[in-house]
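Take a look at the structure below.
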Amino acid sequence: MKDIARRAGVSESAVSFALNDRPGVSEVTRDRVRRVAEQLGWRPSTAARALSGEGAATVGLVVARPAATLGVDSFFLQLISGIQEVLAERQLGLLFQVVEDVEAECAAYRRWWAEHRVDGVLVVDPRTDDPRPALLEELGLPAVVTGGVPDPDRPPRAGLSTVWADDAGAMASVVGHLHALGHRRIVHIAGLPGLAHTERRVRTLRAEAERRGLNGVRSVTTDYSDAEGAAVTRRVLRSAAPPTALVYDNDVMAVAGVAAAASLGFAVPADVSVVAWEDSALCRMVHPWLTALSRDTVSFGRTAARELLGLLDDGPAGTVQVPLPTLIERESTGAARAAG
0 MKDIARRAGV SESAVSFALN DRPGVSEVTR DRVRRVAEQL GWRPSTAARA
50 LSGEGAATVG LVVARPAATL GVDSFFLQLI SGIQEVLAER QLGLLFQVVE
100 DVEAECAAYR RWWAEHRVDG VLVVDPRTDD PRPALLEELG LPAVVTGGVP
150 DPDRPPRAGL STVWADDAGA MASVVGHLHA LGHRRIVHIA GLPGLAHTER
200 RVRTLRAEAE RRGLNGVRSV TTDYSDAEGA AVTRRVLRSA APPTALVYDN
250 DVMAVAGVAA AASLGFAVPA DVSVVAWEDS ALCRMVHPWL TALSRDTVSF
300 GRTAARELLG LLDDGPAGTV QVPLPTLIER ESTGAARAAG
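Residue numbers for the sequence shown follow numbering that gives the first Met the number 0, beginning at 0 and rising by one.
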């Protein structure tokens, strides 16, 4: 501010008034100060804005997953790309942190709130018994939950919006596709237990199996890693009645599963069909190409970020459903070798 004041020939207080759009200086002076500030590459201090109550110009995102598995998850890379695209339009920053569990995530929210580090947060991986919405409401920190399903029995929380996907409908489309191909023994190699979307997929698989009279259908939870995906694949294929179809909760596990099946002498799809929940370039870099559920995850991120900006602009909390994922049929699914 001293440099700007000296070059513009005004006092430091006049610079403050001009740059913060406060009365006390003429429009001529305001324009001159802003031109000098632009020439000097001045940007507002986030810390100073927070202390003055003007906001941090930053939103937060905490992911409570093992860091080793997060690095290969294409979903989060695409989600963050969409989020950042929208934040950049408003010159807002993204404060990103990876923690081990939800308790550590809640601690991060409390710390950020106390330090005025963020204006709002994006919440991912809703839990079946989730303490975060109540905490964020208590702190008065605007938030958007991505992936949660609104509870019709609970009134909306103030300052908390939801962007959700129909995991149940997506799983039903996968089961319908496999059933039409004659598959009666299906194993769902799921993600982390306790996540709301994992539980929805498991419940839907069970309900679809009951509706269609299928007895050889079950889910096995993992940590989303390629190592666990491969290990579970080998275990279920070595069983007395191996599945004829495998559904993986992400692309990384599906690719690892194809390799594990091949190591045991199982051909895809002649002996076992494979479906990946997340479509990505990986699904088209393995032989055979993988049947997969495709959705616009970048757009998912954009939608979540726009909903949060709406809350920061004092808009009402809302609920947005993103389009149902589309099942892309490729070479990794085929007719079951034997029904039963």
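Every residue gets a Cβ at the ideal spot worked out from N, C-alpha and C, and that includes glycine.
Item: Leu93 vs Gln83 beta-carbon contact at 7 angstroms; Value: yes
Item: Counted within 10 angstroms of its Cβ, other Cβ atoms place His196 as buried (16 or more) or exposed; Value: buried
Item: Rounded distance between the beta-carbons of Leu159 and Glu136, thought under 8 angstroms; Value: 6 angstroms
Item: Member of Val273, Met0 and Gly264 whose CA lies at the smallest distance from the CA of Gly256; Value: Val273
Item: Cα-Cα separation between Arg110 and Pro130, rounded to whole angstroms; Value: 16 angstroms
Item: Inter-residue CB distance, Leu86 and Ala253 (contact presumed, cutoff 8 angstroms); Value: About 31 angstroms separates the two Cβ atoms, so there is no contact after all.
Item: Alpha helix (DSSP H) segment containing Trp111, residue limits; Value: Val101 to Ala113
Item: Complete runs of the beta strand (DSSP E) confined to the segment 154-209 [at least 3 residues]; Value: 159-163 and 184-189
Item: DSSP state of Gln83 mapped onto helix, strand, coil; Value: helix
Item: Spatial distance of Arg202 from Ser262 (CA atoms); Value: 31 angstroms
Item: Distance, Ala229 Cα to Glu328 Cα; Value: 22 angstroms
Item: Cβ pair Gly146, Arg184 closer than 7 angstroms; Value: no
Item: Sub-7 angstroms separation of Ile188 and Val148 beta-carbons; Value: no
Item: Pick from Glu209, Asp250, Ala239 and Ala206 that is closest to Ala226, judged by C-alpha positions; Value: Asp250
Item: Euclidean distance between Cα positions of Arg6 and Gly23; Value: 19 angstroms
Item: Own chain partners of Arg301 with C-beta closer than 8 angstroms, once the 5 adjacent residues on each side are dropped; Value: Gly81, Ile82, Glu84 and Val85
Item: Buried versus exposed call for His286 [16 or more other C-beta atoms within 10 Å across all chains shown]; Value: exposed
Item: Own chain residues within Cβ distance below 8 angstroms of Ala157, not counting five before or after; Value: Glu136 and Ala316
Item: His176 versus Glu207: straight-line alpha-carbon distance, rounded; Value: 12 angstroms
Item: Proximity winner among Asp248, Arg199, Pro242 and Ser238, relative to Ala222 (alpha-carbon distances); Value: The sequence as given places Asp at residue 222; Ala does not occur at that position. That would be Asp248, whose Cα lies nearest to the Cα of Asp222.
Item: Residue(s) in a DSSP beta bridge with Tyr247; Value: Ile188 and Ala275
Item: Candidates Arg205, Gly40 and Leu18: closest to Asp30 by CA position; Value: Leu18
Item: Status (buried if at least 16 other CB within 10 Å, exposed otherwise) for Leu50; Value: Any reading at Leu50 must be qualified, since the residue scores a pLDDT of 43, below 50, and its modelled position is unreliable; no value is offered.
Item: Leu76 versus Glu26: straight-line alpha-carbon distance, rounded; Value: 45 angstroms
Item: For Ala56 and Phe16, the rounded distance between their alpha carbons; Value: 19 angstroms
Item: Cβ shell of Ser331 (< 6 angstroms), same chain only, five flanking positions each side left out; Value: Val267, Pro268, Val273, Pro287, Leu289 and Thr290
Item: Bridge partner(s) assigned by DSSP for Arg329; Value: According to DSSP, Arg329 bridges with nothing at all.
Item: Secondary structure, beta strand (DSSP E): runs of 3+ residues fully inside the segment 278-331; Value: 290-293, 318-320 and 325-327
Item: Rounded straight-line distance, which links the Cα of Trp163 to that of Val235; Value: 31 angstroms
Item: Residue range of the alpha helix (DSSP H) that includes Gly228; Value: Asp225 to Leu236
Item: Given Leu181 as reference, the closest of Ala4, Arg336, Val14 and Ala13 once Cα atoms are compared; Value: Inspection of the sequence shows that residue 181 is occupied by Gly rather than by Leu. For Gly181, the nearest C-alpha among the options comes from Arg336.
Item: Rounded separation between Val73 and Arg33 - CA only; Value: Here residue 73 is Ser; the residue named in the question, Val, does not match the sequence. Distance between the alpha carbons of Ser73 and Arg33: 42 angstroms.
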